[in-house]
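I have placed the structure first, in the form of structure tokens, so that the comments after it can refer back to it.
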Amino acid sequence: MSNVISYLPRLYDGELLYSLFARYHAHSLNESPKQTMLELFGNQNHLAVPDLPTNLYSFYQRAKHFIGRELDELICKHTFYNFYTKFLDPKKQNYIKTVMELGIAKGAIHMMSGIMANGVKEKSHFHYCPQCVLEDMEKYRETYWRLTHQLPGVYICTKHELYLERSTVPFRGFNKHVFVAATLENCSCRQSIQVKDSRTFIHLLQIARECEALALGNLDIDSVELYSLYKFLLFEKGFVTVKGNVNQRKLAEQFQNYYGTEVLRLLQSEVNYHNPSCWLKAITRKPRKAFHPIRHILLINFLGETLQSISSFNIKANLPFGIGPYLCLNRASEHYGEAIIPKVEITFCQKTKRPIGTFKCKCGFHYSRKGPDTRREDKYKIDRIKRFGDIWIKKLHQLIHKDGLSYRAAARMLCVDTKTVIKYSRIENDLDKDKYYQTTSKKNELMKQEWLTHIEHNSGLSVTKLRELKPALYAWLYRHEKEWLLKVTPKQNRHKYSNLRVDWDKRDIEIADEIKKTVKRLLTIEPPVRITISRVGNEIGKRALLQKHLDKLPKSKSILNKYVEDTPNFQIRRIQYAIRYLKLKNEEIADWKVRRIAGLRGNLSVKVANFLEQVMKVKDWE
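The numbering of the sequence shown is numbering that gives the first Met the number 0, which starts it at 0 and goes up by one.
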């Protein structure tokens with residue numbers, strides 16, 4: 000038989016390729032699915048895969064004279080390819096596309112894309128929008144399966160803003176070789192999700208729009224820099240400590256409050272701070288596996304961004320040390336000044352809160368500097384050398400002991416202090432390296448024995464007192480045997496008398512009264528100030544108490560939960576202030592003026608954008 004088919008239905012906008020194959024089977028009146036498979040793919044054992052179909056090159060060669068578009072467009076715009084691969088590295092993206100084109104390594108693409116490893120399951124049945132079906136029947140006399148309606152996490156039609164209904168057609172049927180087309184019969188059961196929370200629809204609509212942009216748009220998401228981007232956004236939102244660690248408890252609580260239990264349950268992405276395997280913890284740490292696109296979208300939207308904004312260079316330009324790779328500044332290395340360090344480790348200064356970047360090259364040279372980089376010259380700056388490495392030490396040894404340079408001349412060549420040159424040159428010259436380390440090891444043992452004796456003779460003393468009696472000994476061991484030192488040094492028994500001395504109920508009543516008065520006063524301040532636990536704590540002089548012991552103060556906690564504002568609610572209050580201000584000044588109440596006075600920048604959350612849209616529709620401001 001011919002390798003070119005003589006008929007193919009029109010491929011509709013946004014139609015799933017599976018749907019095109021199913022309509023071909025229905026139009027051709029083939030009695031056997033195997034006959035359809037043979038005609039479309041040249042293989043009667045081909046599988047009817049709805050999300051990531053394979054062997055598409057064979058189909059394309061048979062049908063390209065009808066399609067009028069490239070194979071790459073078919074894969075990117077009419078399958079789940081973009082949806083499942085945009086957050087993967089380019090190598091995996093290319094491999095998955097190759098498998099889809101040529102049909103090799105069956106099943107591997109689902110494993111590689113992370114679909115099978117995460118906790119988000121695909122839809123059990125095909126879904127449809129009732130209004131879309133009516134419009135299709137009027138326009139085309141038939142309907143079809145839309146790509147975006149089948150995506151995991153999509154429960155709303157973005158065109159008509161209606162909840163999707165579940166058809167009677169399983170997403171993966173019992174017969175894996177049968178394509179089932181959308182019809183009025185299988186799209187008439189009217190089974191949609193049931194929701195209780197009024198916020199759920201707004202969140203699900205935003206998620207659906209983001210999923211649509213991911214599946215059909217031309218987004219450029221840098222998977223390599225994604226973790227650094229998340230870390231930067233988390234720092235901007237106050238979720239990162241000065242040591243560079245994410246405050247997972249605070250993140251989980253605010254994430255849960257933002258979306259609500261219903262949304263996270265529907266999207267199979269509930270969070271639990273106490274669960275060490277919680278996906279939210281894993282996705283904000285160094286990436287070790289692929290995550291479902293829905294979970295990336297949830298985190299990105301929570302951080303006030305969209306897929307479109309993170310794919311632009313505006314956000315990436317704000318990374319404190321730019322985008323890698325970064326320069327090796329080892330003057331002793333042949334690759335000095337070359338960008339070969341793949342990533343930067345970021346912590347934050349405890350005093351200034353500025354980011355500190357640590358750069359580690361494979362040559363053994365480690366250095367750090369305080370950011371952010373504001374000038375081109377900053378990337379050549381070193382604030383502190385943390386490790387010189389063998390290459391640097393060997394070069395120093397050659398300059399001093401073979402080339403005969405002075406300490407000062409060698410220091411100028413290597414851009415270090417003269418004392419540093421003296422220190423490391425003596426290690427290399429006066430003592431054989433192995434002998435040096437051997438001697439150091441013996442000294443460590445003597446020091447350790449001396450510290451144990453010191454502890455024995457001063458039993459009952461705290462670590463601070465022990466350290467004060469032998470400061471030099473403690474400092475040596477802390478530098479060379481820190482883990483051992485902390486392990487053997489006894490910790491002073493601290494008896495907890497708090498429950499005996501503190502009447503928490505009485506304290507709770509007193510603090511709750513202070514909080515009420517403080518919140519009432521803060522709400523009168525203009526321009527508005529955000530009501531947070533930290534601000535209220537500072538105002539009443541009990542910030543540490545509220546942050547560490549709020550669970551012992553139920554009345555105070557209840558009041559704070561009522562008044563503490565997240566970013567969207569604070570932005571809404573600022574909008575209300577801006578309108579009052581403009582009315583007082585008898586100025587025109589325009590969108591741009593409200594945004595400027597309210598300090599709204601960049602993309603707004605769905606909640607704030609909807610509120611602003613509604614208030615700007617009001618004509619009578621009296």
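The C-beta atom is built at its ideal place from N, Cα and C for all residues, glycine as well.
Rounded to the nearest angstrom, what separates residue i and residue j at their Cα positions?
i    : j    : result
G336 : Y379 : 8 angstroms
V179 : L146 : 15 angstroms
D581 : E235 : Checking the sequence shown, residue 581 turns out to be Leu, not Asp. Rounded to whole angstroms, L581 to E235 spans 30 angstroms at the Cα level.
Y258 : H202 : 7 angstroms
Y6   : F65  : 8 angstroms
C128 : P49  : 18 angstroms
K551 : I510 : 12 angstroms
P8   : N174 : 23 angstroms
H559 : R542 : The question names His, yet the displayed sequence has Leu at residue 559. Their Cα atoms are separated by approximately 13 angstroms.
E38  : V177 : 14 angstroms
A289 : G67  : 35 angstroms
I508 : S555 : 8 angstroms
P470 : T463 : 10 angstroms
L465 : H273 : 37 angstroms
Y226 : V239 : 13 angstroms
S191 : K606 : 24 angstroms
K96  : S604 : 34 angstroms
K342 : S222 : 13 angstroms
Given residue i, which residues of its chain have a CB within under 6 angstroms of its CB, disregarding the five upstream and five downstream residues?
i    : result
Y80  : I74
A181 : T142, Y143, W144
A597 : R573, I574, A577
G370 : P319, F320, P354, G356
Y496 : Bear in mind that a pLDDT of 44 at Y496, under 50, signals an unreliable position, so the number given afterwards is only what the model happens to contain. Same-chain partners within the cutoff: there are none.
R386 : H365
Y83  : S112
Take the Cβ of residue i as the centre, count every other Cβ of all protein chains shown within 10 Å, and call the residue buried at 16 or more, exposed below.
i    : result
I103 : exposed
I524 : exposed
S123 : exposed
W278 : buried
L266 : buried
R368 : buried
W483 : exposed
R520 : exposed
L250 : buried
A474 : exposed
Q570 : buried
L150 : buried
V617 : exposed
R493 : Below a pLDDT of 50, predicted positions are generally treated as unreliable, and R493, at 49, falls in that range; no measurement from the model is reported.
Y477 : exposed
Which residue comes first and which comes last in the beta strand (DSSP E) that contains residue i?
i    : result
G388 : Per DSSP, G388 belongs to no beta strand (DSSP E); it is in the alpha helix (DSSP H), 388-400.
F173 : First-last for F173: undefined, no H or E at that position.
H124 : 124-127
A338 : 338-340
P567 : First-last for P567: 566-583, but that is the alpha helix (DSSP H), not the beta strand (DSSP E).
K85  : Unbroken run through K85: none, as it is neither H nor E.
Y56  : Premise fails: Y56 lies in the alpha helix (DSSP H), 55-66, not in any beta strand (DSSP E).
I322 : Segment: none, I322 is in no beta strand (DSSP E) and carries neither H nor E.
S367 : 365-369
Within its chain, find whatever has a CB closer than 8 angstroms to the CB of residue i; leave out the 5 residues flanking it on each side and keep chain order.
i    : result
N2   : G41, Q60, R61
L215 : G13, K76, N81, L146, T147
I155 : L161, Y162, L163, F200, L203, L204, A207
K434 : Low local confidence applies: a pLDDT of 49 at K434 is under 50, so the model's placement there is unreliable, with the coordinate-based value given in what follows. Counting only Cβ-Cβ distances below 8 angstroms, and skipping sequence neighbours, we find nothing.
By Cβ distance, which residues of its chain are closer than 7 angstroms to residue i, with the 5 residues on each side in sequence left out?
i    : result
G243 : I345, T346, F347
D590 : M615
P169 : S123, H124
Q253 : D565
N185 : S166, T167, V168
K310 : Just to set this straight, residue 310 is Ser in the shown sequence, not Lys. Correct list, in chain order: L218, D219, I220.
In the DSSP assignment, find the unbroken alpha helix (DSSP H) run with residue i in it and report its ends.
i    : result
F290 : Where F290 is concerned, there is no enclosing alpha helix (DSSP H), given that its DSSP letter is neither H nor E.
Y477 : 470-479
K547 : 542-548
G356 : No alpha helix (DSSP H) contains G356, which is instead part of the beta strand (DSSP E) from 354-359.
E538 : 532-539
T346 : Run containing T346: none in the alpha helix (DSSP H); it sits in the beta strand (DSSP E), 344-347.
W144 : Note, W144: premise wrong, no alpha helix (DSSP H); not H, not E.
E509 : 503-521
I4   : Run containing I4: none; DSSP gives neither H nor E here.
A608 : 605-615
With a threshold of 7 angstroms (Cβ to nearest heavy atom), would residue i be considered close to the ligand MN?
i    : result
T373 : No copy of the ligand MN occurs in the structure displayed, which carries no ligand at all.
Within the region 210-287, ranges of the alpha helix (DSSP H) (whole runs, at least 4 residues): With a minimum length of 4 residues, the continuous alpha helix (DSSP H) runs that stay inside the region 210-287 are 225-235, 247-265, 278-282.
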